[in-house]
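This report refers to the structure that appears directly beneath it.
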């Protein structure tokens, strides 16, 4: 019994040992297989790199290789350089979308006609510029939900080829470049996350109100080289871009800056190469963070006072390429620049007029600017600088002397135009008597006297409009030693208010109005009315335009008649000479005189048009030239001597040979015929 139990226990032990051995064997095989698999995978990571490319860790350089398709890439690739090849859409393998480590793809300057469809969903930066992509489908962009930067410059994308809500599945898109395409309007459905948008060199002509709706994160907007004009930009288009720091509108057709520009955070404003003729006062208000302003290449002649009152951070002012008129209209800018000193860099503020200061920088006109005064709108003293209430803007280049300003709105506090002012005095003890006297329908004599000497006088005159409406003011400075002034070129049957302000002689008060600056007592005004035109003057004025019209017409008719007469006389003379046959022409030159000229040509003298077809003639030609010199106005002789020149064709046929005759060597030229005994020139008498 004991032996039997021992035998059974031994059998169970053997079975258990066999099972344990079997389990250990299987476990070892599994571990070996796993180790081999891991080793092979690691080996693949270390050695797989396309033979035509260069790999530097995770950076794969396959650019400028002339590739038509993308080769197999290692799984660890994160940045793909595939630019400057010939890769087209069929050359993008579907396996590319399984490379989940790819972050940046450079595919610019290839031959893509459509937006790539099989890019990895992990792509964050995609460069597709300089291809021929025509459409932007939403399905292609939806495959890249992590996309942050998209470059589509230099393609063939139009506004209608961008699918609606194409960027709806790209909530992280921060940068979008669509420069140099075929866009006619701002693309719709742009993501709210966008921070930089470039649409330069397209065909955008209209920007509606809702164009930038929702783009509160936009910081940089470039619209250079489009067809934008003020009339096609909605008033509140840019006001929605509250966080905008850079706005570029270069190379458009703007006449003034767009209204309601965002001012809170704007740092760079570029308006060069437009058609700006006027900068409205207030167009730059609130731009306290503006650092760079470019107004180059426009048609600006002046800037309104106070335009830069809020530009405390301005460091660069670029204004070259404008016809600046440097008169008293820019005195405020002169003072403002000197007050800023070296904190601002100015480029191109060079005077274009008047002639006495042409090609001079505004900051160099110290003596000229000292003659000016700074006048506020209500006749009050103005602080030197960019702030405060400002004088009116000069819209066109001032006419007359250097410091005569013509303004659209009055710059002085004129008295009530309904009163009749004859004499007044200042309110600070300096009396001034002003008298005006109309001399004719277009001139008024102004005389004055002062109790104390003054350095100069400001003389202003205002023509009243219909119903005593305010017209335009003309202002000028008169030297202090003068006591009369003649106003000319006035309108007949018009009422004028003429005012004068004495300027103080002391240097400390230079640039300010004498007297109390808060009152109008410094102004002395008088009213004058020009007379009507006399009947004789009206008749003369009516006749002058007629005379000015008749005189040029008479000159034109007389000149035309003289030209026709000369042509007729010359034609009769030529006809008579042709009939008598005694006019000297090109075919009557003597042989001695014509042979001396380098332009002698047998073909022309024989009446044959010279061109290459003369070399293909099939028969001989002749030239007959009279031996005697031309004798004008003599009877035609009965006998004339002629020289006959044989014109030999270049194909070997001639006067003495048939077409089928084989010519000897050298008989293709005149020299060959002479060597064959054939005379080059024969004499014949008639």
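Residue numbers (mature numbering (1 follows the signal peptide of the UniProt record, and there is no 0)): -28 to -1, 1 to 658.
Built from N, CA and C at the ideal position, the CB exists for glycine as well.
Beta-carbon separation (whole angstroms), residue i vs residue j, contact threshold 8 Å
i, j, result
"residue 265", "residue 298", "Their Cβ separation, rounded to whole angstroms, is 19 Å, which puts residue 265 and residue 298 out of contact at 8 Å."
"residue 99", "residue 128", "With a Cβ gap of about 17 Å, residue 99 and residue 128 do not count as contacting."
"residue 501", "residue 467", "5 Å"
"residue 170", "residue 189", "Their Cβ separation, rounded to whole angstroms, is 15 Å, which puts residue 170 and residue 189 out of contact at 8 Å."
"residue 241", "residue 226", "In fact, because the Cβ distance is near 12 Å, the residues do not count as touching under 8 Å."
"residue 219", "residue 193", "5 Å"
Alpha carbon of residue i to alpha carbon of residue j, nearest angstrom
i, j, result
"residue 306", "residue 341", "8 Å"
"residue 109", "residue 135", "5 Å"
"residue 289", "residue 195", "21 Å"
"residue 399", "residue 499", "Per-residue confidence for residue 399 stands at a pLDDT of 33, beneath the threshold of 50, marking its modelled position as unreliable; no derived number is given."
"residue 72", "residue 44", "14 Å"
"residue 114", "residue 75", "16 Å"
"residue 473", "residue 434", "14 Å"
"residue 156", "residue 69", "33 Å"
"residue 93", "residue 302", "59 Å"
"residue 426", "residue 475", "6 Å"
"residue 161", "residue 187", "10 Å"
"residue 329", "residue 339", "11 Å"
"residue 546", "residue 540", "10 Å"
"residue 294", "residue 286", "20 Å"
"residue 528", "residue 420", "52 Å"
"residue 569", "residue 536", "Any answer about residue 569 is weak, because its pLDDT of 42 lies below 50 and its placement is not dependable; what the coordinates show is given next. Each residue's Cα considered, the two are about 36 Å apart."
"residue 137", "residue -1", "58 Å"
"residue 408", "residue 450", "16 Å"
"residue 63", "residue 87", "13 Å"
"residue 334", "residue 312", "14 Å"
"residue 262", "residue 282", "9 Å"
"residue 238", "residue 215", "8 Å"
"residue 67", "residue 91", "9 Å"
"residue 183", "residue 50", "36 Å"
"residue 79", "residue 173", "22 Å"
"residue 167", "residue 61", "30 Å"
Closer than 8 Å to chain C by CB, residue i
i, result
"residue 235", "Note that chain C does not occur in the displayed structure, where there is just one protein chain."
Residues near residue i by beta carbon distance below 7 Å, same chain, minus five either side
i, result
"residue 56", "35, 36, 81"
"residue 292", "268, 319, 320"
"residue 538", "none"
"residue 163", "139, 142, 143, 145"
Reduced DSSP category for residue i - H, G, I as helix; E, B as strand; rest coil
i, result
"residue 232", "coil"
"residue 61", "helix"
"residue 154", "strand"
"residue 74", "coil"
"residue -19", "helix"
"residue 262", "coil"
"residue 419", "strand"
"residue 182", "helix"
"residue 466", "coil"
"residue 413", "coil"
"residue 26", "strand"
"residue 536", "helix"
"residue 480", "Note that residue 480 scores a pLDDT of 37, beneath 50, so its modelled location is shaky; the value from the coordinates is reported in the next line. Helix at residue 480."
"residue 502", "coil"
"residue 497", "strand"
"residue 475", "strand"
"residue 405", "strand"
"residue 429", "strand"
"residue 168", "strand"
"residue 451", "strand"
"residue -7", "helix"
"residue 551", "helix"
Close-in-space but distant-in-sequence residues of the same chain around residue i (CB under 6 Å, 5 per side omitted)
i, result
"residue 180", "206"
"residue 505", "413, 464"
"residue 235", "258, 259"
"residue 416", "408, 410, 459, 500"
"residue 131", "155, 156, 157"
"residue 223", "196, 197, 245"
Own chain partners of residue i with C-beta closer than 8 Å, once the 5 adjacent residues on each side are dropped
i, result
"residue 21", "27, 32, 46"
"residue 230", "202, 205, 209, 210, 221"
"residue 118", "93, 94, 95, 96, 144"
"residue 175", "154, 155, 156, 198, 199"
"residue 12", "Per-residue confidence for residue 12 stands at a pLDDT of 42, beneath the threshold of 50, marking its modelled position as unreliable; the derived number appears in the next sentence. Contacts found: none."
Minimum length 4: unbroken alpha helix (DSSP H) runs contained in the region 272 to 354: The region 272 to 354 contains these whole alpha helix (DSSP H) runs: 303 to 312, 338 to 342.
Completely contained alpha helix (DSSP H) runs for the region 122 to 155, where each covers 4 or more residues: none
Secondary structure, beta strand (DSSP E): runs of 3+ residues fully inside the region 194 to 226: Here the runs fully enclosed are 218 to 220.
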